[in-house]
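See below for the structure under consideration.
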Amino acid sequence: MEPQRSFPKKLASSLVPAVPYLWLGLFFLVPFLIVFKISLSDPAVSQPPYKPVFEWGDVAGFFQGLDLENFEVLTSDDLYLSATLSSVRIAAISTILLLLVGFPIAYAMARAPERYRSLLVAMIILPFWTSFLIRIYAWIAILKPEGLLNQGLLALGVIGEPLNILNTETAVYIGIVYAYLPFMVLPLYATLEKMDDTLLEAAQDLGSPPWRAFWTITVPLAMPGIIAGSLLCFIPAVGEFVIPDLLGGSETLMIGRQLWSEFFSNRDWPLASAVAILLLIILVVPIVIYRDVESRRVETKA
Amino acid sequence: MNRRLSLFNVTSLVIGFAFLYLPILLLVVYSFNASRLVTVWGGFSTQWYVALFRNEALMEAAWVTLRIALLSASLATVLGTLAALALTRYGRFFGRTLFTGMVYAPMVMPEVITGLSLLLFFVAIGLDRGFWTITLAHTTLTMCFVTVVVQSRLMTFDRSLEEAAMDLGAPPLRTFFSVTLPLIAPSIVAGFLLAFTLSLDDLVIASFNTGPGATTLPIRIYSQVRLGLSPEVNAASAILIGIVTLGVVTATLLSKRSLLREEPNAH
């Protein structure tokens with residue numbers, strides 16, 4: 001039975017949701033509205049480098065100062081369109097590669113004897129705890145023309161001359177697959193581990209070849225994990241900055257990198273904000289789907 | 001049910017883990033390289049560790065990073081735990097959909113967007129960029145991770161223990177501190193460690209929100225890496241990897257112990 005509670009206690013108890021709610025509202029939601037506002041303003045040579053578009057009490061001026069100029073720049077300059085398309089393409093190909101690499105690992109983990117499973121999960125998570133920047137940095141030494149991979153392959157006689165991998169799109173794929181692998185493997189493992197093996201046995205008994213049982217039973221049952229893992233990799237990969245910047249070449253266009261250079265090199269904050277809004281528009285649908293999948297997954301786990 | 005590992009399964013595991021661990025291992029090995037050329041082995045040496053501790057810029061950055069990480073992880077742990085309690089114990093409150101959206105979105109949101117939007121916010125409210133802006137930014141990002149970690153523990157939690165305490169006359173706050181909190185403590189510790197390492201690691205959000213005197217280690221490492229590989233960065237990385245490994249192993253042992261302690265009550 002719920003005991004009758006006095007007003008101060010009710011107030012104290014309502015602080016539990018109120019404090020994090022207000023925090024996220026202030027530091028997550030409000031900043032977005034500001035990005036939106038600044039994306040509609042003009043750059044200026046000042047500190048901060050944009051024209052203020054809101055003065056308290058000046059409602060008419062507020063609307064006059066807004067225009068879509070920055071978005072016109074985005075649509076008229078091919079650079080942004082190709083950066084957008086190439087980000088989506090690189091993220092999509094990386095997600096497919098992650099599925100191809102991650103699925104066999106997650107599957108094997110789910111089939112491992114139970115006493116080893118938590119160790120395997122810990123081993124997948126451990127690299128994620130070590131610095132992202134450092135893990136990407138490690139690949140520079142491996143992929144360089146005179147790096148460890150080329151030294152090894154040359155010594156084995158597999159290749160006659162060093163492969164040029166660093167500063168190409170291939171290096172970006174390697175980097176993304178490497179950095180995001182735990183995000184793909186863990187949701188896959190979570191669904192595969194719960195799978196009922198008797199279904200596969202039944203299929204086998206009824207004469208279904210293993211590949212067919214895999215496509216008609218394992219894959220559909222693993223679908224929640226496939227969707228969660230793919231979104232968890234695809235969404236941040238579209239806006240990735242560090243990996244294309246350190247491993248990619250100058251021709252590797254990605255929208256996150258573009259935002260970074262508008263902000264830090266060109267100091268055009270309004271245009272950078274417009275790029276952020278563009279990136280957000282691309283990602284809003286995947287993010288909403290991800291939120292639904294994730295909150296449903298958490299709730300069914302209980 | 002008899003699950004057996006096929007040769008294919010074992011091969012996937014071996015290749016998968018080799019792929020995950022080899023680069024890190026090589027980095028640690030080459031941090032003991034005597035040669036200045038990062039990819040040529042010139043014998044064993046600890047000179048880069050000595051050089052690292054003499055490099056004041058790097059040490060200063062490490063100190064700033066550590067302070068930001070400790071402070072933001074502590075704040076994030078409190079906020080994240082409250083958010084997890086709100087999501088699991090408060091049913092359907094006003095604006096719950098927006099709330100879950102705000103908890104899940106920052107985790108997948110590209111860092112460039114989060115970094116830029118927070119910076120513009122801090123400029124708009126007139127807060128000088130530096131130590132505090134990075135701390136606030138990190139708190140906001142990492143509290144969402146704490147929420148998810150604590151929330152998943154709260155959902156698998158045996159509520160009859162709380163009910164028993166209440167039936168025996170313990171007021172809600174007392175029940176929380178003497179029953180709920182000890183039981184979810186391992187997940188709170190795990191959430192804190194996760195928040196701490198995320199803050200330690202962050203380059204993008206820190207770069208947007210940094211100011212004079214608040215250069216963090218990732219920002220410093222990034223600017224050095226852009227100039228070319230440096231053996232000192234290898235040494236710094238190896239130390240960070242060592243600290244993190246130690247932390248994770250400790251956390252795993254802690255949660256194992258608390259699980260064992262819980263076991264008799266589980267049924």
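Sequence order for the protein chains is A and B. At position 8 of the first sequence (counting the first as 1) the number is 8 in full-length UniProt numbering, and the numbers step up by one without a gap. At position 233 of the second sequence (counting the first as 1) the number is 233 in full-length UniProt numbering, and the numbers step up by one without a gap. Just so it is clear, CB atoms sit at the ideal spot from N, CA and C, and this is done for glycine as well. Note that the structure is predicted; figures quoted are calculated from it, not measured.
With burial defined as no fewer than 16 other Cβ atoms inside 10 Å of the residue's Cβ, what is the status of residue i: buried or exposed?
i        : result
A:Tyr116 : exposed
B:Glu111 : buried
A:Gln204 : exposed
A:Tyr189 : buried
B:Tyr21  : exposed
A:Asn150 : buried
A:Asp245 : buried
A:Lys10  : exposed
A:Val284 : exposed
B:Leu194 : buried
B:Leu202 : In the sequence on display, residue 202 of chain B carries Asp and not Leu. The residue is buried, with at least 16 neighbouring Cβ atoms inside 10 Å.
B:Pro182 : exposed
A:Leu68  : exposed
B:Leu253 : exposed
When the Cα atoms are used, what is the spatial distance from residue i to residue j?
i                      : j        : result
B:Gly130               : A:Leu192 : 45 Å
B:Ser223               : B:Thr210 : 14 Å
A:Ser94                : A:Val88  : 10 Å
A:Pro187               : A:Gly225 : 5 Å
residue 304 of chain A : A:Ala91  : The question about residue 304 of chain A has no answer, for chain A in this structure spans 1 to 302.
A:Asn164               : A:Ala112 : 38 Å
B:Met166               : A:Arg296 : 30 Å
B:Thr216               : A:Pro31  : 23 Å
A:Ser250               : B:Leu98  : 39 Å
B:Ser35                : A:Leu126 : 29 Å
B:Tyr245               : B:Leu26  : It is worth fixing the name first, because residue 245 of chain B is Thr in this sequence and not Tyr. Cα-Cα distance, rounded: 16 Å.
A:Ser86                : B:Gly247 : 38 Å
B:Gly42                : B:Leu13  : 33 Å
A:Ala12                : B:Leu79  : 15 Å
A:Ser76                : A:Ile38  : 19 Å
B:Gly16                : A:Ile105 : 6 Å
B:Pro106               : A:Val288 : 12 Å
Residues in its own chain within less than 8 Å of residue i by CB, not counting five upstream and five downstream?
i        : result
A:Leu247 : Ile136, Trp139, Ile140, Leu143, Leu166, Asn167, Ala171, Val172, Ile174 and Gly175
A:Glu294 : Ala228
A:Gly157 : none
A:Gly147 : Ile140, Ala141 and Leu166
B:Ile205 : Glu111, Thr114, Gly115, Leu118, Ile134, Ala137, His138 and Leu141
A:Tyr290 : Ala228, Leu231, Leu232 and Ile235
B:Met155 : Thr88
A:Val275 : Leu74, Tyr80, Ile255, Gln258, Leu259 and Glu262
Can we count residue i as close to the ligand GDP, meaning its CB is less than 7 Å from some heavy atom?
i        : result
B:Thr250 : The ligand content of the structure shown is nil, which means the ligand GDP is not present either.
Taking C-alpha atoms, which residue in the options lies nearest to residue i?
i        : options                                   : result
A:Leu29  : B:Phe8, B:Met109 and B:Thr46              : B:Met109
A:Val73  : A:Pro286, A:Leu33 and A:Ala272            : A:Ala272
B:Gly115 : A:Leu259, A:Tyr21, A:Pro145 and A:Ala83   : A:Leu259
B:Met59  : B:Phe121, B:Arg220, B:Ser31 and B:Phe192  : B:Arg220
A:Leu253 : A:Gly147, A:Asp292, A:Ile277 and A:Leu81  : A:Leu81
B:Ala83  : A:Tyr21, A:Ile105 and A:Leu33             : A:Tyr21
B:Val189 : B:Phe53, B:Trp41, B:Ala76 and B:Leu13     : B:Ala76
B:Thr11  : A:Met109, A:Ser76 and A:Leu199            : A:Met109
B:Val191 : B:Tyr104, B:Phe17, B:Glu162 and B:Ser74   : Per the sequence presented here, residue 191 of chain B reads as Gly, with Val not at that position. Ranking B:Tyr104, B:Phe17, B:Glu162 and B:Ser74 by Cα distance to B:Gly191 puts B:Ser74 first.
A:Ile282 : A:Thr198, A:Asp67 and A:Ile235            : A:Ile235
B:Thr140 : B:Phe196, B:Ala236 and B:Thr180           : B:Phe196
B:Ala62  : B:Leu200, B:Phe93, B:Gly228 and B:Tyr104  : B:Leu200
A:Ala237 : A:Arg257, A:Thr218, A:Met223 and A:Asp292 : A:Arg257
A:Ile134 : B:Ala236, B:Gly16 and B:Leu181            : B:Ala236
Just to confirm my understanding: we take residue i, look at its own chain, exclude 5 residues before and 5 after, and list those with CB closer than 6 Å. What are they?
i        : result
A:Leu221 : Met195
A:Leu279 : Gly239 and Ile255
B:Arg54  : none
A:Ile159 : Leu153
Might you give, ordered along the chain, the residues of its own chain that have their beta carbon closer than 7 Å to the beta carbon of residue i, omitting 5 neighbours on each side?
i        : result
B:Asn265 : In this prediction, B:Asn265 scores a pLDDT of 42, lower than 50, which makes its location untrustworthy; the coordinate-derived value is nonetheless stated afterwards. Excluding residues within five positions, none has a Cβ falling inside 7 Å.
B:Phe32  : Phe44, Ser45 and Thr46
B:Gly213 : Gly130
B:Val103 : Ala83, Cys144 and Thr147
A:Tyr107 : Leu192
B:Val28  : Ala238 and Ile241
**Request:** Answer yes if the stretch 95-105 of chain A comes into contact with the stretch 173-182 of chain A, meaning at least three C-beta pairs across the two stretches below 8 Å, and no otherwise.
**Result:** yes
**Message:** When you compare the stretch 107-121 of chain A with the stretch 230-239 of chain B, are there three or more beta-carbon pairs, one atom per stretch, that lie closer than 8 Å?
**Reply:** no
**Asked** So does the stretch 65-83 of chain B actually touch the stretch 129-149 of chain B, counting three or more Cβ pairs closer than 8 Å?
**Response** yes
**Asked** Do the stretch 239-246 of chain A and the stretch 195-211 of chain A meet, that is, are 3 or more Cβ pairs less than 8 Å apart?
**Response** no
**Item:** At least three beta-carbon pairs within less than 8 Å, the stretch 4-17 of chain B to the stretch 146-155 of chain B
**Value:** no
**Message:** Pairs of beta-carbons, one from the stretch 13-33 of chain A and one from the stretch 116-125 of chain B, closer than 8 Å: are there three or more?
**Reply:** yes
**Message:** I want to know whether the stretch 152-171 of chain B touches the stretch 41-53 of chain B - three or more CB-CB distances under 8 Å.
**Reply:** no
**Message:** Count Cβ pairs between the stretch 119-130 of chain A and the stretch 239-247 of chain B that sit closer than 8 Å; are there 3 or more?
**Reply:** Three or more beta-carbon pairs drawn from the stretch 119-130 of chain A and the stretch 239-247 of chain B are found closer than 8 Å, and the two stretches are therefore classed as touching.
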